[in-house]
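The next block holds one structure in the form of structure tokens; read it before the comments.
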Amino acid sequence: MPYPIVNSIISWFLKKRKHQMELFLKYPVDVQKELLFKLLYKAQSTELGNKLEFSSIKSYKEFTKKVPIQQYESIEPMIERARKGEQNIFWSTPIKWFAKSSGTTNAKSKFIPVSEEALEDCHFKAGK
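The opening position of the sequence shown corresponds to residue 9 in the numbering used here, with each subsequent residue numbered one higher.
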């Protein structure tokens, strides 16, 4: 009967995930800062990372000064280039997918680049 083995694997995975969630609850600010700097490091050699000098950002305060809130329209030309297949604009690994917004502003949909890492680390992980 393979059920005990399957149950052991599932139990191990759930314990590991539970531990991660406990860390998120206990240290939310630290976890978010760690994620921010991981993302900045990963994107520092992209077009956007070079333009906004991601590699020089050493604190959250620096991040808020160097990386302004963007209107979609200001980065739309870059997104259109990415949609046509150009790579290394927003992320260091290939962008194969784009999420489509519901078009709440300007009555038109917007396209949001989605990397494989975003699917794995965000969308899929939420279901685990």
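Glycine is no exception: its CB is placed at the ideal position from the N, C-alpha and C atoms.
I'd like the span of the alpha helix (DSSP H) that includes P85, first residue to last.
Y80 to R91
Of the residues S117, S123, K74 and K116, which one's Cα is nearest the Cα of A90?
The residue from S117, S123, K74 and K116 with its alpha-carbon nearest to that of A90 is S123.
Taking the Cβ atom as the reference point for each residue, do F51 and W99 lie within a distance shorter than 9 angstroms?
Phe is not the amino acid found at residue 51; the sequence shown has Ala there. Cβ distance < 9 angstroms, so A51 and W99 count as in contact.
Over the uninterrupted beta strand (DSSP E) stretch that includes V122, give me the two end residues.
F119 to S123
Taking C-alpha atoms, which residue in A126, F62, K41 and I87 lies nearest to P76?
Cα-wise, what sits closest to P76 is F62.
Considering only C-alpha positions, which residue in the set S19, L44 and V39 is nearest to Q28?
Relative to the Cα of Q28, the nearest Cα in the group S19, L44 and V39 belongs to V39.
Taking the alpha carbon of I87 as the point to measure from, which residue in L31, I103 and Y11 has its own alpha carbon closest?
I103
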